[in-house]
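Each residue of the sequence shown is one higher than the one before, starting from 563 at the first, in our numbering.
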Amino acid sequence: MVNSQYQTIATPAMGALFAGLFVSIAASYLYEGFSKNDDWRQYAGLCSFFIGLVILAVILKPVLKGVDDPESLARDPHTIQAAAEEYIATPRVAVLDPDVLVRQMKQWHKDISVRSTNISADAQSQRLDDAFHLASRARGFIKLTNASLRIYYAALKLFPFRFLWPILSALVYLVGNYWFAIGSGTLKEAGPVGKLLVLVIPIVCVSLVVMFYSATRGYRAIRWHKVNRLASAKAKRALREAKTVHEGILGEDEFSLQLFSRVDDFLRKSGRGARKEILSLKIGKFSF
Numbered sequence: 563m564v565n566s567q568y569q570t571i572a573t574p575a576m577g578a579l580f581a582g583l584f585v586s587i588a589a590s591y592l593y594e595g596f597s598k599n600d601d602w603r604q605y606a607g608l609c610s611f612f613i614g615l616v617i618l619a620v621i622l623k624p625v626l627k628g629v630d631d632p633e634s635l636a637r638d639p640h641t642i643q644a645a646a647e648e649y650i651a652t653p654r655v656a657v658l659d660p661d662v663l664v665r666q667m668k669q670w671h672k673d674i675s676v677r678s679t680n681i682s683a684d685a686q687s688q689r690l691d692d693a694f695h696l697a698s699r700a701r702g703f704i705k706l707t708n709a710s711l712r713i714y715y716a717a718l719k720l721f722p723f724r725f726l727w728p729i730l731s732a733l734v735y736l737v738g739n740y741w742f743a744i745g746s747g748t749l750k751e752a753g754p755v756g757k758l759l760v761l762v763i764p765i766v767c768v769s770l771v772v773m774f775y776s777a778t779r780g781y782r783a784i785r786w787h788k789v790n791r792l793a794s795a796k797a798k799r800a801l802r803e804a805k806t807v808h809e810g811i812l813g814e815d816e817f818s819l820q821l822f823s824r825v826d827d828f829l830r831k832s833g834r835g836a837r838k839e840i841l842s843l844k845i846g847k848f849s850f
């Protein structure tokens, strides 16, 4: 789901943003170049325009990836459920086979914990699975907060570059704050209590902000995990119905093959070496 959102929403928006930026720059240069008959501005405008086209092509390449492959479009419970319902409604013309959808569903379900953290990578983490399992049984504000922090920590261990930036931002803020305090002479002028407050208060404030963000991000993952589990259950139910329809279709096809095979054998035997019988109808003195 996250991957499809990046492919259908975020990436096209970025492509339009950068392409529009370079097109506007190119338009400005071309206008100035043709108005003032300045050659280098004309060349700069053309170069900016072609740079915008290249950037647009590079950014939009992931958008077009897999558009001709229906299997690549059914990678989350929602699209898998839609494909399964399509097969149930029109099994003879449906694009994707239920066996393919079942395989896609198994692959997605292995990564359900990672998907719930809004990460589209194919990865598994037992620590993250255990954290979500504990969160499903947590009740009350304190237990939910603790479970949320556990989930964030497990995600941080698995994807440090995705989840470490709040801590790094806090460290940069603390270094800048202390650097300013030392450079401005605030620590020299303050007494022992003032120095303690200057040192402690930023740490406490930053720690609270980081913990609040971590708990909020973890709780968001808990909510998404519930949504994903519900969507997974609905998709599996649709897949079971699709499998039942698929087995019925296979049975019909097998019966048709057997019937056509018997008809073919009968016609082959009747046309080769069988004596021709003349069917006659007799009514009184007349025979036909």
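Just so it is clear, CB atoms sit at the ideal spot from N, CA and C, and this is done for glycine as well.
Query: If we call anything under 7 angstroms between Cβ atoms a contact, is Ile713 one with Ala783?; Result: yes
Query: Please report how far the alpha carbon of Phe723 lies from the alpha carbon of Arg654, in whole angstroms.; Result: 47 angstroms
Query: Secondary structure at Arg779, three-state DSSP: helix, strand or coil?; Result: helix
Query: Given a cut-off of 7 angstroms, decide if Val772 and Pro728 are closer than it, judged by their beta-carbon atoms.; Result: yes
Query: When the Cα of Leu592 is compared with those of Gly780, Ala606, Asp827, Phe584, which residue comes out closest?; Result: Ala606
Query: Decide if His787 is buried, meaning its Cβ has at least 16 other Cβ atoms within 10 Å, or exposed.; Result: buried
Query: Write down the C-beta distance between Glu647 and Ala800 rounded to the nearest angstrom, noting that I regard them as a contact closer than 8 angstroms.; Result: 6 angstroms
Query: For the putative contact between Asp692 and Trp670, defined by C-beta atoms under 8 angstroms, what is the C-beta separation to the nearest angstrom?; Result: Not really, about 20 angstroms apart at Cβ, beyond 8 angstroms.
Query: Can you tell me whether DSSP reads Pro722 as helix, strand or coil?; Result: helix
Query: Along the chain, which unbroken stretches of the alpha helix (DSSP H) at least 4 residues long are found entirely within the region 648–727?; Result: 660–672, 674–678, 688–698, 703–720, 722–725
Query: According to DSSP, is Asn599 part of a helix, a strand, or is it coil?; Result: coil
Query: When the Cα atoms are used, what is the spatial distance from Phe580 to Gln604?; Result: 20 angstroms
Query: If Leu690 and Ala717 are in contact, beta carbons under 8 angstroms, what's the gap, nearest whole angstrom?; Result: 6 angstroms
Query: Does DSSP classify Ala800 as helix, strand or coil?; Result: helix
Query: Contact defined as beta carbons within less than 8 angstroms: I believe Leu618 pairs with Gly577. What is the distance between those atoms, to the nearest angstrom?; Result: 5 angstroms
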